[in-house]
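Take a look at the structure:
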């Protein structure tokens, strides 16, 4: 019996006769995995954002659940409804109203061209801007009236058709936005309610060791909280500081830019999220405009205030928020942010750094998986033995030197 048990324990996990069925099963699994990816590909971004948001509000969700006496589903429903009201409600309303107004404003341009003809576009009473453009072309390039009329009509007609087509495409994308928003809301609810079940299900499927899986999830949570909260809090703070300082400068020196305070503050919030650009890309440009207008004192005050208060606050806030998270190298952070902007859009400023940090965490875990804890422990043991041996040799050399000194003193 012992011999049979020993032979069973030393037998390979995959028997030679099972290789072909295993390869077939693996191929079928890969095929269905590719098809499953194609099915969920349009919804990957809403699912990812829902996971990040559920992770960020999980402490608040636990508090709401405690206040509701452990009713997790009711607490999740309450939190999800609050998210819809705070985030998606105003956003959807603004997009629908803006698209409707844009369609009403530009939707009649091709119809006017078809019904009234292009000659009506040059009527100064109906379209003074276009008529003025024709006059400018005639004076600037010494064109006769027919040539100027032809160039203006082509420009206006092409611009109208292009804007009209983009507007129609934008309205068509609203359907996809609505579907993604519904998926986002449902995913947030289920991530809050069944988050622990999903984690347990993941632990059953993943081939990683439990401690490595835990490290990966903790790294993901830390990076998400640090990147999102650090970026948002720092950007909002810089926007508020810029708006406050710009308001004071306008009240004291009247540079004539007071109407742009809100827009410039929002621009500061946006550019503060982009590494190597930051809030300086706003207050430097505004200072240059002030210098061009002759408001030298206002420009000097804005430069000093922007450099010492607005831009410096970014370092203080980020250190405070990101003190417990993994720091990314500035170059890596810049690449992740710019790449995220190009691939995903505005949300890429948040998703890019998260993906980069999680990737490096995966590489560290993969290194541990390939090297193995035994090899790493053996290397540490060898390093410890080497250090002990060096210490012993150093002690022997010192003892020998002291003995030689004593012998020399005795001879003297």
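Numbering (this note's numbering), first residue to last: 6 to 417. In this text, a Cβ means the ideal position worked out from N, Cα and C, and glycines have one as well.
CA-CA distance, residue i and residue j?
i: residue 61; j: residue 34; result: 33 Å
i: residue 79; j: residue 202; result: 17 Å
i: residue 239; j: residue 277; result: 8 Å
i: residue 400; j: residue 320; result: 48 Å
i: residue 349; j: residue 391; result: 51 Å
i: residue 230; j: residue 204; result: 18 Å
i: residue 271; j: residue 40; result: 42 Å
i: residue 354; j: residue 347; result: 10 Å
i: residue 55; j: residue 300; result: 48 Å
i: residue 309; j: residue 250; result: 11 Å
i: residue 234; j: residue 284; result: 18 Å
i: residue 369; j: residue 23; result: 33 Å
i: residue 220; j: residue 363; result: 11 Å
i: residue 375; j: residue 345; result: 30 Å
i: residue 200; j: residue 182; result: 25 Å
i: residue 361; j: residue 352; result: 14 Å
i: residue 312; j: residue 302; result: 16 Å
i: residue 89; j: residue 27; result: 47 Å
i: residue 194; j: residue 86; result: 9 Å
i: residue 325; j: residue 398; result: 47 Å
i: residue 322; j: residue 314; result: 12 Å
i: residue 208; j: residue 367; result: 16 Å
i: residue 224; j: residue 365; result: 10 Å
i: residue 318; j: residue 307; result: 15 Å
i: residue 43; j: residue 393; result: 58 Å
i: residue 298; j: residue 91; result: 41 Å
i: residue 5; j: residue 48; result: Residue 5 is absent from the model: the chain starts at 6 and stops at 417.
i: residue 46; j: residue 269; result: 37 Å
i: residue 190; j: residue 81; result: 11 Å
The alpha helix (DSSP H) spanning residue i covers which residue range?
i: residue 222; result: 215-258
i: residue 281; result: Note, residue 281: premise wrong, no alpha helix (DSSP H); not H, not E.
i: residue 296; result: 285-298
i: residue 26; result: 24-45
i: residue 92; result: From DSSP, residue 92 is part of no alpha helix (DSSP H); its letter is neither H nor E.
i: residue 418; result: The chain is shown only over 6 to 417; residue 418 falls outside these bounds and no answer can be derived.
Just verifying my parser: in three-state terms, what is the DSSP assignment at residue i?
i: residue 393; result: helix
i: residue 74; result: coil
i: residue 63; result: helix
i: residue 261; result: coil
i: residue 211; result: coil
i: residue 349; result: coil
i: residue 425; result: The structure shown does not extend to residue 425, since the chain is modelled only from 6 to 417, so the question has no answer here.
i: residue 412; result: helix
Can you find the residues in the same chain that come closer than 7 Å, C-beta to C-beta, to residue i, ignoring five residues on each side of it along the sequence?
i: residue 358; result: 232, 333, 338, 341 and 342
i: residue 252; result: 266
i: residue 241; result: 274
i: residue 281; result: 339
i: residue 83; result: 69
Ignore the nearest five residues each way along the sequence and tell me which others in residue i's own chain have a CB closer than 6 Å to its CB.
i: residue 286; result: 276
i: residue 304; result: 292, 295 and 296
i: residue 236; result: 278
i: residue 192; result: 52 and 55
i: residue 226; result: 60
i: residue 50; result: none
i: residue 185; result: 51
Sorted by chain position, which residues of the same chain lie with C-beta nearer than 8 Å to residue i's C-beta, five sequence neighbours on each side aside?
i: residue 71; result: none
i: residue 63; result: 197 and 200
i: residue 222; result: 204
For the ligand MG, I want to know if residue i counts as a neighbour, meaning its beta carbon is within less than 7 Å of at least one of the ligand's heavy atoms.
i: residue 74; result: As presented, the structure is devoid of all ligands, the ligand MG included, so that no description of it is given.
Evaluate the contact criterion for the stretch 253-268 versus the stretch 214-231: three or more CB pairs, one atom per stretch, below 8 Å. no
With three or more beta-carbon pairs closer than 8 Å as the criterion, would you say the stretch 237-251 touches the stretch 65-82? no
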